[in-house]
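Note sheet for the following structure.
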Amino acid sequence: MTFSKQLYTLILLTSLLMAGGTLYISIENTRSYLTLQLAAQTQNTADSLGLSLVPYMKNKDIAAMDTMVNAVFDSGYYKSLTLKTMSGSILIARENTSRVENVPEWFTRSLRLPTTEAESVITTGWIQAGKLTLSAHPGFAYKKLWDASKEVIWWSLMVFILTLILSFLLLREILKPLSAVEQQALDICNREFPIVREIPKTRELNRVVLAMNKMSSKMESITTELTRRAERIHKQTDYDELTGLLNSNRFSSALESAIRNVEQAGSGYIAMIRLHHFDNYNKQHGHLAGDKLLGEIAKLLKESCVKLPSANAARISGVDFAMIFPLATSDTVTLFAESLSAKLALLNLKPTSISIGIAPFNEQSNVEEAIKDADVAVTSAQYQGIPNFHILPSGNIAIEQLDWEKLTRELLEHEQIELWSQPIMTPESRLIYSEVLMRIRDTFGTNMSSATFAAIAERMGLHIELDKYVISHVINIIEQLGTSATPMAVNISAGSIRESNFTLWLQQQMKAHQQASAMLLFEITEYAAMQNIENTGYLIDLAHQYHGRIVIEHYGTRPEFFQTLRQLKADYVKLDSSYVKDITENNERRSFLQTIIDIANSLDMGVIIEHIETADDVQNFEALGIKAMQGFYFGKPSPIK
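So for the sequence shown, my numbering puts the first residue at 1; every next one is plus one.
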């Protein structure tokens with residue numbers, strides 16, 4: 001029971017007790033007063049009538065005495081009247097048999113008035129001639145008592161209702177700050193930091209509200225400062241100051257992550273954009289113009305990243321820019337090269353020129369080889385003339401030539417997509433949940449990673465069907481496992497998040513399978529969340545409604561997302577795998593990683609790190625406060641049985 005209800009109950013009981021007590025005391029006092037009044041009135045009447053009957057008693061004038069008795073008795077105030085001689089002979093007797101009118105019978109039974117009798121001895125001279133006995137009729141007393149009781153009841157009821165109304169209004173006003181403080185505490189738990197504006201005047205409540213406001217402001221200040229610090233360190237350590245693109249070290253880490261992370265990428269293209277004779281440009285136009293040109297080129301590359309999910313752009317030297325296109329096809333990078341070449345032609349480049357070289361990479365590549373291939377491609381572009389770009393052919397021609405739409409539809413129709421899983425564990429090897437991965441074999445017998453297939457399905461417009469397929473099968477698996485089931489995470493594509501039809505379908509599935517839904521986690525990339533903040537927020541609320549959970553993966557690749565993270569109520573953030581590299585040697589990287597972990601912890605989000613392969617990795621990241629890890633050290637992907 002809430003505190004307000006307890007107070008209302010106390011006031012109600014107290015008011016009832018007071019009203020009942022007032023009613024009882026008032027009725028008892030009235031009854032006592034009426035009893036005394038009846039006794040006095042009857043005695044006075046008996047004495048007065050007795051004195052009036054003396055001369056007639058002496059002459060034994062019965063007719064005159066009868067007339068006088070009738071005058072008194074007919075008033076109706078008396079129940080009986082008897083006039084006797086001293087020897088006991090009855091001279092006159094009267095009896096009033098009328099019932100009490102306009103008073104409920106239950107009332108007269110409940111509140112009995114005592115029978116009131118009075119006697120008067122009639123004397124003639126010194127001789128007692130007779131005795132008059134008079135008994136009061138209670139009808140008028142009951143009527144007066146009933147009327148008085150009704151007035152007290154109505155008055156008590158009116159006071160009772162008025163007291164309740166006033167108490168309710170007063171308590172609501174007094175307790176209103178407590179409700180606001182309660183909501184404030186809940187909002188803080190939900191990673192929001194509101195301030196209660198209405199400060200109560202009650203001393204104790206005033207202190208509570210002020211203390212909560214101070215705590216909320218302090219927590220918001222800490223979180224904001226951590227976010228700004230993370231953005232500042234991120235820009236200092238990972239970004240080129242002039243262009244705002246990734247620097248060379250961060251680009252190498254991102255490329256290595258794209259190559260190593262077979263489940264998320266494993267293949268794609270790397271592009272290199274090179275300015276030739278840039279020194280001549282600076283001499284002719286000045287360094288400020290040169291810096292402006294570099295900024296314009298960087299802006300074009302950033303625009304390309306917005307259009308191409310997971311792409312990253314960097315300035316890797318004074319005149320060299322580079323881009324990574326995970327999971328891209330040759331058609332995609334060809335369109336990119338043609339578009340960028342056309343936009344660069346609009347810039348004032350003379351006397352310099354720009355060449356674009358693009359080379360593929362796969363999971364067998366390494367960073368040095370991939371960059372070297374891109375350098376070969378950009379050199380080829382420099383000497384080939386127009387067009388000013390050159391693309392090295394992909395090593396997997398078979399995959400490029402497949403009819404992917406037909407293959408994807410056949411795999412979905414015949415349910416030939418295998419579901420594998422990889423555990424996410426605590427440093428003590430306790431399972432937290434398992435990430436579900438896809439495995440397929442194309443018509444050439446190639447075992448393709450889930451990310452490659454998912455990217456192809458999204459290009460074909462089949463991403464929603466693919467996400468529905470995986471979610472439906474995972475729900476089925478959880479229900480089949482019953483009590484032995486463990487939480488499972490499903491990756492949701494950016495395209496599915498954008499579609500309201502998908503979220504409507506997901507809501508129906510979760511409503512129909514609520515027990516299994518409580519075991520589900522949904523993994524969303526940081527890029528997808530940034531592109532669809534409103535839809536991502538709705539998806540998070542939907543998952544929480546059915547006790548599911550949300551993981552934001554590749555966390556930390558975009559500094560602007562640190563502010564956005566506060567708006568989203570995710571349960572976990574999964575750090576981008578590029579942060580695993582050189583964590584022990586690179587103090588700046590370690591400091592930045594510690595800051596973004598602190599941000600997540602301050603928002604009550606768990607932190608997951610990928611690509612944990614050795615016991616040293618476990619020890620290093622556990623020291624930073626990470627309690628959830630994924631990688632070959634804890635288990636390789638394996639089929640779900």
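Cβ coordinates follow ideal geometry from the N, Cα and C atoms, glycine included.
Backbone CA spacing between residue i and residue j [nearest angstrom]
i: residue 640; j: residue 476; result: 12 angstroms
i: residue 285; j: residue 615; result: 55 angstroms
i: residue 321; j: residue 519; result: 45 angstroms
i: residue 423; j: residue 339; result: 42 angstroms
i: residue 287; j: residue 549; result: 52 angstroms
i: residue 216; j: residue 596; result: 20 angstroms
i: residue 502; j: residue 259; result: 31 angstroms
i: residue 85; j: residue 57; result: 10 angstroms
i: residue 102; j: residue 114; result: 20 angstroms
i: residue 375; j: residue 360; result: 12 angstroms
i: residue 354; j: residue 275; result: 5 angstroms
i: residue 109; j: residue 146; result: 12 angstroms
i: residue 398; j: residue 438; result: Because residue 398 carries a pLDDT of 43, less than 50, the predicted location of this residue cannot be relied on, and no value is offered for it.
i: residue 53; j: residue 143; result: 31 angstroms
i: residue 469; j: residue 271; result: 34 angstroms
i: residue 172; j: residue 504; result: 40 angstroms
i: residue 428; j: residue 601; result: 20 angstroms
i: residue 83; j: residue 130; result: 7 angstroms
i: residue 164; j: residue 19; result: 12 angstroms
i: residue 192; j: residue 434; result: 30 angstroms
i: residue 421; j: residue 369; result: 31 angstroms
i: residue 80; j: residue 17; result: 41 angstroms
i: residue 148; j: residue 33; result: 12 angstroms
i: residue 71; j: residue 78; result: 12 angstroms
i: residue 457; j: residue 463; result: 5 angstroms
i: residue 231; j: residue 224; result: 11 angstroms
i: residue 167; j: residue 5; result: 12 angstroms
i: residue 627; j: residue 351; result: 55 angstroms
Residue i - containing beta strand (DSSP E), residue span
i: residue 326; result: 320-326
i: residue 130; result: 127-136
i: residue 269; result: 268-276
i: residue 79; result: 78-85
i: residue 695; result: As displayed, the chain neither begins before 1 nor continues past 641, which places residue 695 out of reach and without an answer.
i: residue 118; result: 117-124
i: residue 425; result: 418-425
Best match in the options for proximity to residue i [C-alpha to C-alpha]
i: residue 430; options: 394, 467, 96, 486; result: 486
i: residue 119; options: 66, 99, 141, 49; result: 49
i: residue 391; options: 307, 463, 273; result: 273
i: residue 221; options: 566, 28, 6; result: 566
i: residue 547; options: 511, 136, 169; result: 511
i: residue 533; options: 28, 506, 499, 583; result: 499
i: residue 138; options: 126, 99, 161, 151; result: 99
i: residue 330; options: 269, 458, 558; result: 269
i: residue 538; options: 577, 515, 578, 497; result: 497
i: residue 121; options: 127, 333, 132; result: 132
i: residue 59; options: 97, 123, 297; result: 123
i: residue 345; options: 293, 313, 305, 373; result: 293
i: residue 73; options: 493, 45, 51, 314; result: 45
i: residue 526; options: 555, 206, 513, 540; result: 555
i: residue 632; options: 523, 116, 425, 24; result: 425
i: residue 478; options: 492, 521, 545, 461; result: 521
Delimiting residues of the alpha helix (DSSP H) encompassing residue i
i: residue 357; result: Premise fails: residue 357 lies in the beta strand (DSSP E), 353-361, not in any alpha helix (DSSP H).
i: residue 601; result: 587-602
i: residue 292; result: 287-307
i: residue 143; result: 139-189
| said: Could you tell me which whole beta strand (DSSP E) segments of length 3 or greater appear in the region 537-564? | reply: Whole beta strand (DSSP E) segments, 3+ residues: 549-555.
| message | Does the structure place the region 87-97 close enough to the region 55-66 that three or more beta carbon pairs sit under 8 angstroms? | response | yes
| said: I'd like to know if the region 376-383 and the region 588-603 are in contact, where contact means that at least 3 CB-CB pairs between them fall below 8 angstroms. | reply: no
| field | Those runs of the alpha helix (DSSP H) which lie wholly inside the region 34-66 and span at least 4 residues | value | Within the region 34-66, the complete alpha helix (DSSP H) segments at least 4 residues long are 54-59, listed from N- to C-terminus.
| query | At which residue ranges does the region 467-529 contain complete alpha helix (DSSP H) runs of 4 or more residues, listed in the order of the chain? | reply | You should have 494-498, 500-512, 514-517.
| Looking at C-beta atoms only, is the number of pairs between the region 174-182 and the region 148-158 that lie closer than 8 angstroms three or more? | No: fewer than three Cβ pairs fall under 8 angstroms.
| field | Runs of beta strand (DSSP E) lying entirely within the region 197-276, each at least 3 residues, in chain order | value | 268-276
| query | Are there three or more Cβ pairs, one per stretch, closer than 8 angstroms when the region 230-240 is compared with the region 584-595? | reply | yes
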